[in-house]
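Report on the following structure.
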Amino acid sequence: MSDLTNVMKKELREYLSISSVISVVLVVVIFAFMGTMMSGEADKITSPSDLLVINCDDNSYAVDEIRVVYDAMFDGTSNEYVHVVNSQYSNVDSNYIHGLMSDNGCTDAIVICPDFYDNISSLPVVKGQMMLYFQFEASGLFGGASSSMAQSIVAVVNERISQALVSSVPGLGPSASSPIDMGSTYTYVNGEVVENVTPIEISSALMSQNFTMPLIIMVILTMIGSIVISSMGNEKENKTLETLLTMPVKRTTIVTGKLISAAIAGLVFGAAYLVGMMFYMEGMTATMVSSVDLADIGLTLSITDWAIVMVMMFLAILSALGMCMILGAFTKNFKAAQTMILPLAIMAMIPMFIIMFMGWESLPTIGKVLLSLIPFTHPMMVVDNLMFGNMTMVALGIGYLFAFSALMVFITVRLYKSDILITGIGQTRFVSAMKKIFSKKAE
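Numbering that gives the first Met the number 0 applies: residue 0 is where the sequence shown begins, and numbers increase by one.
Next up, the structure:
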């Protein structure tokens with residue numbers, strides 16, 4: 000066997016270790032999960048969804064047209080998904096419509112105003128009026144996309160009626176080319192009704208914030224975690240950790256100093272990344288046309304809200320540091336420390352992708368419970384929760400992060416007070432006892 004072959008085999012054993020192979024496999028699994036998740040969300044957009052039609056006209060012509068268009072778009076499913084309510088126009092207000100939307104599980108509603116059929120069938124043609132109502136739900140990358148369904152249906156109905164009028168009575172005038180007057184569009188946001196704003200416009204305006212916070216949390220946690228674990232691996236390799244632990248300094252003080260200094264560094268990095276990512280996302284979304292000012296619809300954060308965001312970020316960093324110091328306790332050297340960051344990275348990436356692409360509201364109950372158990376989910380959602388007034392989620396997130404970080408710090412202190420950092424896991428009482436038990440059985 001040649002020297003080149005020997006060198007290559009030796010290097011390949013170093014590069015293709017079990018930990019590195021596991022890392023690659025997990026990355027493949029994560030990206031496959033992302034692809035499946037994106038495909039599922041895209042399918043939701045093209046799938047039929049519930050539509051409320053409130054008919055205030057004495058004639059059912061407009062309702063029939065809506066059903067025909069819906070059947071053409073979604074393969075004859077209007078009987079299942081189109082909910083028609085006949086009502087007097089005097090009874091129709093925002094509270095009445097919102098109640099009907101909630102009762103029928105709809106996020107889109109079309110209101111057919113009185114005398115619609117009489118107006119479009121008169122000579123000369125008078126435009127018939129319709130109004131659109133939407134319920135905004137924050138649902139990740141495709142949030143608000145469902146609102147385009149109702150708009151598309153009305154646009155097609157408008158075209159169909161126009162063609163019917165023009166073909167039957169030529170020379171009817173400009174009103175016949177667009178016989179439907181859309182009137183106003185209304186969207187329910189945070190319990191308030193916003194006029195002439197659609198959910199997709201709100202989602203576009205919120206896009207930078209929906210992407211920025213999860214990315215920042217993920218980057219900070221993986222970066223700080225990598226620094227801490229690598230530092231501990233380096234200290235073990237250079238024997239400086241043993242020297243530090245033998246000094247006349249309380250080990251609790253050592254742990255506290257390491258955690259606080261790393262947490263401060265994480266907050267500094269977080270503030271820097273926050274500013275940088277805000278500029279980046281503003282540049283990315285600058286070309287998107289949006290007439291929505293979030294401040295006008297109450298979707299802004301106060302100084303107190305930003306203070307809560309920083310508290311959540313600090314607790315998340317503290318939790319991550321505690322996990323990293325626990326993982327770092329079992330590293331033998333600097334090289335082994337490189338792969339120990341993987342569990343933390345996965346715990347940060349899973350909620351990041353789910354929140355960015357799917358959104359919290361679109362998850363089933365079991366999905367929400369499982370995602371809530373990951374501590375880094377809560378700081379990634381804190382901006383949205385504060386904007387939409389979900390203070391219960393914010394309070395529960397802070398409480399859970401505080402308890403989780405306290406548990407991680409407690410375990411870290413216990414590890415530093417033991418000799419496991421010096422002797423290794425193989426010399427602990429538990430492992431020694433297990434070795435004795437299995438050695439006796441072997442005899």
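For every residue, glycine included, the Cβ atom is placed at its ideal position computed from N, Cα and C.
Computed from a prediction, not measured in an experiment: that's the story for all the values here.
>> Helix, strand or coil for A108? Go by DSSP, reduced to three states.
In response: DSSP places A108 in strand when its eight states are reduced to three.
> Just curious, the alpha helix (DSSP H) that N78 is in, first and last residue?
Replying inline: Where N78 is concerned, the enclosing alpha helix (DSSP H) stretches over 77–80.
> If you draw a straight line from the alpha carbon of W359 to that of M246, how long is it in whole angstroms?
Replying inline: So the alpha carbons of these two residues sit roughly 49 Å apart.
> Among residues of its own chain, excluding the 5 on either side of A149, which ones have a beta-carbon nearer than 7 Å to its beta-carbon?
Replying inline: Hits under 7 Å: L50, D107, I109, L131.
> Does the segment 397–407 touch the segment 297–314, meaning 3 or more C-beta pairs lie closer than 8 Å?
Replying inline: The segment 297–314, when compared against the segment 397–407, does touch it at the 8 Å Cβ threshold.
> What separation, rounded to the nearest whole angstrom, lies between the Cα atoms of P374 and M217?
Replying inline: Answer to the nearest angstrom: the Cα atoms are 12 Å apart.
>> Give me the residue from K8, D92, D56, F32 with the minimum Cα distance to I119.
In response: Checking every option, the nearest Cα to that of I119 belongs to D56.
>> Using 8 Å for Cβ pairs, my map puts L320 next to L258. What's the rounded Cβ distance?
In response: That pair is a contact at about 5 Å.
> Quick one: what's N54 bridged to in DSSP?
Replying inline: Looking at the DSSP assignment, N54 forms a beta bridge with N85, I111.
>> For L266 and F387, I'd like the C-alpha separation in whole angstroms.
In response: Approximately 25 Å, taken between the alpha carbons.
> Who pairs with E10 in a beta bridge, going by DSSP?
Replying inline: Looking at the DSSP assignment, E10 forms no beta bridge with any residue, so it has no partner.
> DSSP on I179, reduced to helix/strand/coil?
Replying inline: Note: I179 maps to strand in three-state DSSP.
> Out of curiosity, what's the CA-to-CA distance linking F352 and M33?
Replying inline: Those two C-alpha atoms are separated by around 7 Å.
>> In whole angstroms, give me the CA-to-CA distance for A264 and I296.
In response: Cα to Cα, the separation comes out at about 36 Å.
>> Using 8 Å as the threshold, is the C-beta distance between Y185 and S93 below it?
In response: Pairing Y185 with S93 gives a Cβ-Cβ distance under 8 Å.
> Comparing alpha-carbon positions, which option in F135, G232, M322 lies nearest I446?
Replying inline: Lying before the first or after the last residue shown, residue 446 is absent from the chain, which here runs from 0 to 442.
> Taking the continuous beta strand (DSSP E) assigned at T364, which residues delimit it?
Replying inline: Run containing T364: none in the beta strand (DSSP E); it sits in the alpha helix (DSSP H), 364–372.
> For L15, which three-state DSSP category applies?
Replying inline: Per DSSP, reduced to three states, the secondary structure at L15 is coil, with no helix or strand assignment.
> Where does N85 land, buried or exposed, given buried means 16+ other C-beta within 10 angstroms?
Replying inline: So N85 counts as exposed.
> Is the CB-CB distance between M379 and M212 below 8 Å?
Replying inline: Yes; because the gap between Cβ atoms is below 8 Å, this pair is in contact.
> On the three-state DSSP scale, how would you describe T299?
Replying inline: Looking at T299 - three-state DSSP - the assignment turns out to be coil, as it is neither helix nor strand.
> From V288 to S202, what does the alpha carbon distance come to, in whole angstroms?
Replying inline: The predicted model places V288 with a pLDDT of 49, which falls under 50 and marks its position as unreliable, so this point remains unresolved.
> In chain order, what residues of the same chain have a beta carbon less than 7 Å from the beta carbon of N189, not counting five sequence neighbours either side?
Replying inline: Here the set comprises G297, F387, G388.
>> Can you tell me whether T330 is buried or exposed? The criterion is at least 16 other CB atoms within 10 Å of its CB, across all chains shown.
In response: T330 counts as buried, since no fewer than 16 other beta carbons sit within 10 angstroms of its beta carbon.
> DSSP on T186, reduced to helix/strand/coil?
Replying inline: In the displayed model, T186 falls within a strand according to three-state DSSP.
> Buried or exposed: which applies to A306, given that a residue is buried once 16 or more other Cβ atoms fall within 10 Å of its Cβ?
Replying inline: Using a 10 angstroms sphere on the CB of A306, the tally of other CB atoms stays under 16, which defines it as exposed.
> Three-state secondary structure (DSSP) at E360?
Replying inline: Here DSSP, grouped into helix, strand and coil, assigns E360 to coil.
> Going by other Cβ atoms of all chains shown within 10 Å of its Cβ, with 16 needed for buried, is Q162 buried or exposed?
Replying inline: So Q162 ends up on the exposed side.
>> Give me, in chain order, the residues of the same chain whose beta-carbon lies closer than 6 Å to that of L11; leave out the 5 immediate sequence neighbours on both sides.
In response: So no residue of the chain qualifies.
>> Give me, in chain order, the residues of the same chain whose beta-carbon lies closer than 6 Å to that of V125; leave out the 5 immediate sequence neighbours on both sides.
In response: Cβ neighbours of V125 beyond the five flanking positions: N118.
>> With H, G and I counted as helix, E and B as strand and the rest as coil, what does DSSP make of V288?
In response: With a pLDDT of only 49 at V288, under 50, the local geometry of the prediction cannot be trusted, and no value is derived from it.
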